[in-house]
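K.L.:
Got a structure here, written out as structure tokens. Questions coming.
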Amino acid sequence: MKMNQETEGLRLNQIKSFCIVLPDSCILLNYIFNEEEFRPKIEYFVGIVMEGIPCEILPRVNVEITKKLVGASGEYVGTIRKCRDIIQAYCTPILSEVSVSKSTAQHLEYAFSRIFGGISGRTDFRTYGDKMQAISRARVVETSVLLELWEVLNSREKITLSAFFDRLESKFKEKYIEFCDKQSLFMKALNAKPLKEGDIAQTSSQLEELLSKCVHNPKDVGLLCEAFGRMYKTAKWCAVVTIDYSDIVKNNATIEELTLLSISDPLYFAYHLDRKIDLALNPKDAAMKLKLNYKEFIKPPTLPVGVV
Amino acid sequence: MSLATNDRSLDIPSQSNAPVCLSIYLVDACKQGRLFSIDTYNIDSLNSWLSGWSRRTVSNIPFPSRFQETGVERIFRDKVVGKLEKSDLLNMFESVDVDDIDSIENLLAESRNIVRSNLETLENFLKQSEFPPFLWMEYSRFSRVFIETSEFMQKRVVKWFELRPKRISQIHERSRQTRAMFSTYEKLVDDYFKTLSNYMRMGIFMEVWSCNEESELFTEKCIWTFRNIKPRLFEPMFFEFHDSIGQLRQSFFAFSPQETKIDFSKPTDWAFKQLVQMA
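First to last, the protein sequences are chains A and B.
Residue numbering for the first sequence follows this note's numbering, beginning at 1 and increasing consecutively.
Residue numbering for the second sequence follows this note's numbering, beginning at 1 and increasing consecutively.
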């Protein structure tokens, strides 16, 4: 490699023309939650994509984030209401006539102990790990409820137990709405395009089997198949950007060898795409040159009925 | 749909469908360059527009085998028209004077207020334990987004209304000018239409899966229930609704920049973050 090539900056104009960046759900979530550990990486990623690099959100990424919201809301409200029902079952006046006081802590302690006991006694968990995770989630709810209780008591606010529980649900809803807005702001900042199924070439089970040999999480395999399908539909170099080091970043060299798909940490993706520019070929032509039969990995389109 | 509340039934979705339809109709009229046309404020024009709209809205909703798309579409349209004809909105609509800005502002504001009030009641209804929590949260989100976007659009409509023609010869030119100015907001308007359409589609979906026969559809006899709903059919409908609101927000933020720094330090906020990350 010549010295002047090494000292050149990234060829952003060419990256903008010939490449697409596909952030994983963890990138969006870390942007929204502003986690300190990854903040510099996410800021760098956002900054460089805002220079005009096409950014697209794969359907699976969108579905995954929505399902997380759905799961979290179900968990929180479900646990709050179980707590409420347990307390109401033995409390003589209805909760709308019981004021929040320091003895509320005793009621909550009893209710949550029943909830944890209920989870521990269940036999329908697939693994012990799943059971522990269910208990951890319930503990998160317990922690937040008790802290909210102490805030109410410290402020000397007069509120019924019923209104207290309603307020907790309402606060959670506010965060749900704020989260969704922040997600939209991320999309706007990056001018990100949410993809539909029709935007992606359908991939074959062969690709799935091939990727499963090095990537063990089926969700990650699905994500890579979608990214591959997008790359070959658009004939533009695609980089899946993620901070999931456990599986797909760890195996990025193998994945690239098999599919030409780039998998990168946010700090490296632009460099990897810049290297693709060196090939001076689009992914399909590069695959042919490297004797990679990418057509095997794409399902042939089904013809409409009556077309021969 | 009926919300049996202390023996009083409230026919909510149909009541909010009429003002929602009216809002979309007016913005669409603006998009078509017909905002200053007297014919726009005519029940026949509205009915004609509604036929096309209701057909598009009802298409591809998964129905139980006891219902047909054409039947549901006809009933839906008839109910919307029926509600409109019985409400004060129709009088306000037909009384719009193209020389009086207040008449159209009042119409838009009244539509919005009716929808807001109905959505609050719907949200409370959906908090019952048989409905998943994300459903009432999503409707609450929709309500907020609808109100904010509608208020924003109203200000734009009022601005364009100020360009109303002073002479008959100006009608054609002024409407073209409005259409050109409108093109800046075209994406926002398209996303607004899509979101409102998906709101109605969700409502129709809930209705058909809660009712037993056509005669119950969009009446107080049909009480929404989640018991009969198949997750594999509900999920795409809900995701479409959820995503369209997100897309609308993305378009809206282009005109109303916001820096949403979410604070996750408070207890419930912290719980939200933990549970999303653990999900």
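Built from N, CA and C at the ideal position, the CB exists for glycine as well.
Do you know how far the Cα of ARG249 (chain B) is from the Cα of GLU173 (chain B)?
P.N.:
About 32 Å.
K.L.:
For LEU119 (chain B), which option in B:ILE104, B:PRO133, B:ILE147 has the closest C-alpha, if you only look at C-alpha atoms?
P.N.:
B:ILE147
K.L.:
So, with DSSP's three-state summary, where would you put LEU22 (chain A)?
P.N.:
In the structure shown, LEU22 (chain A) sits in a strand (DSSP, three-state: E or B).
K.L.:
Can you look up LYS233 (chain A) in the DSSP assignment and give me helix, strand or coil?
P.N.:
helix
K.L.:
Measuring CA to CA, which of B:ASN91, B:VAL58, B:MET92 is closest to ARG77 (chain B)?
P.N.:
Between ARG77 (chain B) and the set B:ASN91, B:VAL58, B:MET92, the nearest pair of CA atoms involves B:VAL58.
K.L.:
Looking at chain B, which residues of the stretch 36-60 of chain A have a Cβ within less than 7 Å of any of its Cβ atoms?
P.N.:
Residues are counted here when their Cβ sits less than 7 Å from a Cβ of chain B; for the stretch 36-60 of chain A the count is zero.
K.L.:
By the DSSP assignment, the beta strand (DSSP E) with SER264 (chain A) in it spans what residues?
P.N.:
From DSSP, the beta strand (DSSP E) with SER264 (chain A) extends over 262-264.
K.L.:
For ILE20 (chain A) and GLU56 (chain A), which I take to be in contact (beta-carbon distance under 8 Å), what is that distance rounded to the nearest angstrom?
P.N.:
6 Å
K.L.:
Count the other CB atoms, across all protein chains shown, that sit within 10 Å of the CB of PHE134 (chain B); report buried if there are 16 or more and exposed otherwise.
P.N.:
The residue is buried, with at least 16 neighbouring Cβ atoms inside 10 Å.
K.L.:
Nearest to ASP191 (chain B) by alpha carbon, out of B:MET92, B:ALA18, B:PHE252, B:MET181?
P.N.:
B:PHE252
K.L.:
Cβ closer than 9 Å: which chain A residues qualify as neighbours of TRP270 (chain B)?
P.N.:
VAL140, THR143, SER144, LEU147
K.L.:
Step through the CB atoms of chain A and report whether any lies within less than 8 Å of the CB of GLN258 (chain B).
P.N.:
Interface residue, yes.
K.L.:
Taking Cβ-Cβ distances shorter than 7 Å, what residues in chain B pair up with GLN183 (chain A)?
P.N.:
GLY246
K.L.:
If we cut at 8 Å on Cβ distances, does ALA254 (chain B) have a partner in chain A?
P.N.:
Yes, ALA254 (chain B) lies at the interface with chain A (some Cβ there is under 8 Å from its Cβ).
K.L.:
Here's the rule I'm using: 16 or more other beta-carbon atoms within 10 Å means buried, otherwise exposed. How should THR123 (chain A) be labelled?
P.N.:
exposed
K.L.:
Using the three-state DSSP reduction, which class does THR225 (chain B) fall into: helix, strand or coil?
P.N.:
coil
K.L.:
Quick one: grab the DSSP three-state call for ILE171 (chain B).
P.N.:
helix
K.L.:
Under 7 Å Cβ to Cβ from GLN5 (chain A), same chain only, skipping five residues before and after it: list those, please.
P.N.:
Per-residue confidence for GLN5 (chain A) stands at a pLDDT of 48, beneath the threshold of 50, marking its modelled position as unreliable; the derived number appears in the next sentence. Excluding positions up to five away in sequence, the list is empty.
K.L.:
When you compare the CB positions of MET137 (chain B) and VAL20 (chain B), do they come within less than 8 Å of one another, or not?
P.N.:
no
K.L.:
Between the alpha carbons of PRO257 (chain B) and GLN154 (chain B), how many angstroms are there, rounded?
P.N.:
18 Å
K.L.:
Considering only residues of the same chain and omitting the five flanking positions on each side of TRP270 (chain B), which have a CB-CB separation below 7 Å?
P.N.:
Here the set comprises PHE264.
K.L.:
Assuming SER212 (chain A) is part of the alpha helix (DSSP H), what are its boundary residues?
P.N.:
205-212
K.L.:
Using the Cα positions of SER87 (chain B) and GLU73 (chain B), report the straight-line distance between them to the nearest angstrom.
P.N.:
21 Å
K.L.:
Look up SER87 (chain B) in the DSSP assignment and say whether it is helix, strand or coil.
P.N.:
coil
K.L.:
Which partner residues does LYS193 (chain A) have in the DSSP bridge list?
P.N.:
A:GLU56
K.L.:
How would you call TYR271 (chain A), buried or exposed, if buried means at least 16 neighbouring beta carbons within 10 angstroms?
P.N.:
Around the beta-carbon of TYR271 (chain A), fewer than 16 other beta-carbon atoms lie within 10 Å, marking it exposed.
K.L.:
Rounded to whole angstroms, what's the CA-CA distance from LEU122 (chain B) to TYR128 (chain A)? Just pull it up for me.
P.N.:
Those two C-alpha atoms are separated by around 40 Å.
K.L.:
In this structure, how does DSSP classify VAL98 (chain B) when only helix, strand and coil are distinguished?
P.N.:
coil
K.L.:
Give a yes or no on whether the C-beta atoms belonging to ILE204 (chain B) and ILE61 (chain B) are separated by under 8 Å.
P.N.:
yes
K.L.:
Shortest alpha-carbon distance to ASP28 (chain B) belongs to which of B:SER95, B:LYS187, B:ALA109?
P.N.:
Its Cα nearest to that of ASP28 (chain B), the residue B:LYS187 stands out among B:SER95, B:LYS187, B:ALA109.
K.L.:
Starting from the beta carbon of ILE262 (chain B), find every residue of chain A whose beta carbon is closer than 9 Å, and list them in chain order.
P.N.:
Correct list: ILE32, PHE33, ASN34, LYS175, GLU178, PHE179, ASP181, LYS182.
K.L.:
Below 7 Å CB to CB, which residues in the same chain sit around LEU261 (chain A) once its five sequence neighbours on both sides are set aside?
P.N.:
LEU224, ALA227, PHE228, MET231, CYS238, VAL240, ILE255
K.L.:
Determine the contact status of ALA18 (chain B) and VAL80 (chain B), defining contact as a CB-CB distance below 8 Å.
P.N.:
yes
K.L.:
Quick check: the stretch 177-187 of chain A against the stretch 214-221 of chain A, are there 3 or more CB pairs under 8 Å?
P.N.:
no
K.L.:
Taking the Cβ atom as the reference point for each residue, do GLN206 (chain A) and GLU151 (chain A) lie within a distance shorter than 8 Å?
P.N.:
no
K.L.:
Roughly how many whole angstroms lie between the Cα atoms of ALA105 (chain A) and ILE94 (chain A)?
P.N.:
Looking at the two C-alpha atoms, the distance is approximately 17 Å.
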